[in-house]
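At the far end of the sequence shown sits residue 321, using the working numbering, and the numbering has no gaps.
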Amino acid sequence: MSEVILSVIGTAQDAGLPHPNCFCKNCSEAIRNPQFRRLAASLAIVEPNEQTWHLIDASPDLKEQMARLQMKYDLQTKLMDHIFLTHAHLGHYPGLLFLGREAIGAKGIPVMAGSKMKYLLEEQAPWSQLTKLGNISVQEIQDSQDIRVSPRVTVTPVEVPHRNEFSETFAFWIKGQNKKVLYVPDIDRWHEWDHDIHSVCEEADICLLDGTFHSKKDLENIGRDYREIPHPLMTETMDLLQDLTKTTEIYFTHLNHSNPAIDSEQQIRCQIEANGFHIAEEGMEFRL
């Protein structure tokens, strides 16, 4: 029987865990213990019987993420059928360079992106070399436009507010025959979105939401100003969605290296799970 698997292949904020030039508690643990590492946030939609897969975000860790995925689902040497991009920040599109002639030398991989992102990839170096050599073929997507990637799977972009210095930012609905997943790895504030987060999550069977920071205290010990890096706090998100935890599976992803929810002592994580929420982990699978 054919099945659709949504595979979690990365869960960290853009620079991963350990974070460069950081020796905070979480980063030091990840340096000592490779099992504690986290790769940049990314998902793959896999249909193993059809030998097809589709990538959501081409992270800086794409080389390792691809190898793990291809080995796990017996997809050796099988490249992705589509790449969907959320936006033009560090953790979400630099992996495209691995498709170029210095590495894979791919042929015409469809890259699904908004109009501003499309312009960046086609006109700005080094990305423009990928398009000129035909390694990728950028296809414009629009807010709320359904994209059927197979008879069993539809992906729908939803525009969200996020520091759009170079491109628009999308969240994605991923719909299989049996379940609907909402993926929002990056957003500035829930109240700035023209959708009500509670109502949107109520429509989903599974949500993977921006969990960059647990609280405003996350950045105090590493000398960064929370106001310069807007993301919804996990504490705020849990307050807004607490009553949905019995009907919707809610996971936090895109976790910053300073986030105490991934501390090895797991005190904050236990509190989160006691409230009915979950932390996304690489290797998780959801049957759609």
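Even glycine gets a Cβ: it sits at the ideal position worked out from N, Cα and C.
In whole angstroms, what is the alpha-carbon distance linking D296 and P51? 12 Å
Taking Q294 as the reference, give the member of K149, E314 and N168 with the closest Cα. Note that residue 294 is Ala in the sequence shown here, rather than Gln. Nearest of K149, E314 and N168 to A294, Cα basis: E314.
Does DSSP put Y284 in a helix, a strand or coil? strand
Can you name the residues that DSSP bridges to E80? The partner list for E80 (beta bridge, DSSP) reads T85.
What does the alpha-carbon distance come out to for the pair W226 and C240? Approximately 16 Å between the Cα atoms of the pair.
If you draw a straight line from the C-alpha of F69 to the C-alpha of K96, how long is it? 19 Å
Report yes if the C-beta distance between G147 and Q109 is below 9 Å; otherwise report no. no
6 Å CB neighbourhood of L149 in its chain, flanking five on each side removed: The residue asked about is misnamed: residue 149 is Lys in this sequence, not Leu. Taken in chain order, the residues that qualify are S200 and E201.
Reference L355, options R134, R185, K279 and D219, closest by Cα: In the structure as shown, the chain begins at 34 and stops at 321. Residue 355 is therefore absent and cannot be evaluated.
What beta strand (DSSP E) runs, 3 residues minimum, are completely inside the region 132–208? 142–146, 169–173, 180–183, 186–192 and 203–208
Straight-line Cα distance separating P127 from R181: 25 Å
For the region 98–129, list the beta strand (DSSP E) runs that are entirely contained and at least 3 residues long, ordered along the chain. 115–117
Closer than 6 Å by C-beta to I191: which residues in its own chain qualify, once you throw out the five before and the five after it? Chain order, please. According to the sequence displayed, residue 191 carries Val and not Ile. A204.
Just the Cα atoms here: how many angstroms apart are S161 and V193? 26 Å
Check each candidate in D114, Q210 and K213 and name the one with the smallest Cα separation from M145. D114
Going by DSSP in three states, I64 sits in which element: helix, strand or coil? helix
Segment limits, alpha helix (DSSP H) that includes L50: Run containing L50: none; DSSP gives neither H nor E here.
On the DSSP bridge list, what partners appear for I312? F285
In whole angstroms, what is the alpha-carbon distance linking S177 and S248? 31 Å
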